[in-house]
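Student: Quick one: structure below, then a few questions.
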Amino acid sequence: MTESIVAYDGRMSTEGSGSRRRRGETRRVMAETAAALLCERGVAGTTIDKVLAQSGAPRGSVYHHFPGGRAELLSAAVEHAADAVVRTMRAGGEAGPAAVLDGFVDFWRRQLLASDYRAGCPVLAVAVDDDPEFPELADLAARSFARWQEELVGILVHHGMAPGAADTLALQALSQLEGAVVLCRAHRDMAPLDAAAEAVAALHAAAAT
Numbered sequence: 025m026t027e028s029i030v031a032y033d034g035r036m037s038t039e040g041s042g043s044r045r046r047r048g049e050t051r052r053v054m055a056e057t058a059a060a061l062l063c064e065r066g067v068a069g070t071t072i073d074k075v076l077a078q079s080g081a082p083r084g085s086v087y088h089h090f091p092g093g094r095a096e097l098l099s100a101a102v103e104h105a106a107d108a109v110v111r112t113m114r115a116g117g118e119a120g121p122a123a124v125l126d127g128f129v130d131f132w133r134r135q136l137l138a139s140d141y142r143a144g145c146p147v148l149a150v151a152v153d154d155d156p157e158f159p160e161l162a163d164l165a166a167r168s169f170a171r172w173q174e175e176l177v178g179i180l181v182h183h184g185m186a187p188g189a190a191d192t193l194a195l196q197a198l199s200q201l202e203g204a205v206v207l208c209r210a211h212r213d214m215a216p217l218d219a220a221a222e223a224v225a226a227l228h229a230a231a232a233t
């Protein structure tokens with residue numbers, strides 16, 4: 025799996041930034057940058073000024089690409105993160121559910137290690153921040169989590185699992201892995217993610233028999 029929300033080198037993982045940025049890339053780069061900031065700093069720390077500083081985008085581009093201002097920028101960041109996880113799931117889909125779950129674990133392992141445990145899940149960040157200034161973000165987070173669950177359910181069913189069992193396993197897997205990411209950040213240790221991966225693998229093995 026090579027998908028990632030952000031590369032932690034001080035700038036976003038994108039080609040053509042600055043003067044080489046192609047037409048139409050500015051919006052994507054800003055959304056990626058906002059997603060990276062959400063990973064580490066949450067809603068309060070993801071400001072337009074910080075996005076501009078890290079992305080290198082011109083100030084005049086903000087309301088051109090995001091006429092809804094900061095609210096639209098934050099929404100785009102959450103959608104970008106949600107899409108990255110879906111692509112990770114689909115990349116391993118044909119190999120089977122175990123490969124998808126391993127890929128999901130690897131996705132967060134790389135995020136944590138590359139950021140020295142500073143980066144968590146941007147979707148979770150907007151869900152727990154619940155900023156009254158941006159009530160739409162909580163709904164977007166809920167839809168993103170539901171989308172991940174539905175994606176995983178579809179893969180499990182495609183590989184022969186009953187829909188009810190697939191739905192339960194998908195919810196358990198996402199709950200354990202998302203919680204593990206939080207604990208990894210708190211303890212600055214990968215042990216919670218490793219433990220969650222083992223638990224999810226055991227759940228899948230039991231459900232598949």
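First residue of the sequence shown: 25, per my numbering; consecutive thereafter. Backbone N, C-alpha and C define an ideal beta-carbon position, used for all residues, glycine too. The model shown is predicted, which means the values in this text are computed figures rather than measured ones.
Assign F90 to one of three DSSP states: helix, strand, or coil.
Tutor: The sequence position of residue 90 within the sequence shown is 66, counting from 1. Looking at F90 - three-state DSSP - the assignment turns out to be coil, as it is neither helix nor strand.
Student: Using DSSP with H/G/I as helix, E/B as strand and the rest coil, what is A197?
Tutor: Position 173 of the sequence shown holds residue 197. It is helical.
Student: Where do the ends of the alpha helix (DSSP H) carrying F169 lie?
Tutor: Locating residue 169 in the sequence shown gives position 145, counting from the first residue. Element bounds for F169: P159 to H182.
Student: Let me know the secondary structure DSSP gives D107 once reduced to three states.
Tutor: As a working note, residue 107 is residue 83 in the sequence shown. DSSP places D107 in helix when its eight states are reduced to three.
Student: Do V102 and A166 have their C-beta atoms closer together than 8 Å?
Tutor: Here residue 102 refers to the residue found at position 78 of the sequence shown. Here residue 166 refers to the residue found at position 142 of the sequence shown. In this structure, A166 does not lie closer than 8 Å to V102 by Cβ.
Student: Could you check which residue in C63, L76, E64 and A68 has the C-alpha nearest to that of R52?
Tutor: By one-based count along the sequence shown, residue 52 stands at place 28. The residue with the shortest Cα to Cα distance from R52 is L76.
Student: Looking only at its chain, what residues have a beta carbon closer than 7 Å to the beta carbon of A81, apart from the 5 residues adjacent to it on each side?
Tutor: Reading the sequence shown from its first residue, position 57 is the one you call residue 81. Contacts found: T50, V53 and M54.
Student: Assess contact between the segment 113-123 and the segment 173-187, defined as three or more Cβ pairs (one per stretch) separated by less than 8 Å. Is contact present?
Tutor: Cβ pair count under 8 Å is three or more, so yes.
Student: Would A204 pass as a contact of P216 if the rule is Cβ separation under 8 Å?
Tutor: Here the question's residue 204 lines up with position 180 in the sequence shown. Here the question's residue 216 lines up with position 192 in the sequence shown. Their beta carbons are under 8 Å apart, which means A204 touches P216 by this criterion.
Student: What is the rounded straight-line gap between the Cα of A60 and the Cα of A95?
Tutor: Working through the sequence shown from its first residue, we reach residue 60 at position 36. Working through the sequence shown from its first residue, we reach residue 95 at position 71. Rounded to whole angstroms, A60 to A95 spans 16 Å at the Cα level.
Student: Buried or exposed: R209, going by 16 or more other Cβ atoms within 10 Å of its Cβ?
Tutor: Numbered from 1 along the sequence shown, position 185 holds the residue referred to as residue 209. When all chains shown are included, R209 counts as buried.
Student: How far does the alpha helix (DSSP H) with R142 in it extend, from its first residue to its last?
Tutor: Position 118 of the sequence shown holds residue 142. Neither: R142 is in no alpha helix (DSSP H) and is coded neither H nor E.
Student: Taking contact to mean at least 3 C-beta pairs separated by less than 8 Å, is the segment 105-118 in contact with the segment 141-148?
Tutor: Yes, they touch.
Student: Tell me whether V53 sits in a helix, a strand or coil according to DSSP, three-state version.
Tutor: Taking the sequence shown and counting its residues from 1, the one referred to as residue 53 is at position 29. Three-state DSSP puts V53 in a helix.
Student: Within 10 Å of its beta-carbon, does L137 have 16 or more other beta-carbons around it, so buried, or fewer, so exposed?
Tutor: Counting from one through the sequence shown, the residue named residue 137 turns up at place 113. Looking at its Cβ environment, which holds fewer than 16 other Cβ atoms inside 10 Å, L137 is exposed.
Student: Using a Cβ-Cβ cut-off of 6 Å (strictly less than) and excluding sequence neighbours within five positions of E64, which residues of its own chain qualify?
Tutor: As a working mapping, residue 64 is identified with position 40 in the sequence shown. Once the five neighbours on either side are set aside, the close Cβ partners of E64 are R142 and A143.
Student: Counting only the same chain and skipping the five closest in sequence on each side, list residues whose C-beta sits under 8 Å from that of I72.
Tutor: On the sequence shown, position 48 is the one that residue 72 refers to. Only V86, G93, R94 and L97 meet the Cβ criterion.
Student: Taking Cβ to Cβ, would you say V177 is nearer than 8 Å to A190?
Tutor: As a first step, residue 177 is located in the sequence shown; it is residue number 153 there, counting from the start. As a first step, residue 190 is located in the sequence shown; it is residue number 166 there, counting from the start. It is a contact, given that the beta carbons lie within the stated cut-off.
Student: Around the Cβ of V152, are there at least 16 other Cβ atoms within 10 angstroms (buried) or fewer (exposed)?
Tutor: Sequence index remark: in the sequence shown, residue 152 carries index 128 (1-based). Label assigned to V152: exposed.
Student: Rank A230, T233 and A220 by C-alpha distance to the C-alpha of F128 and give the top, closest one.
Tutor: Your numbering for residue 128 matches position 104 in the sequence shown. With distances taken between Cα atoms, F128 lies closest to A220.
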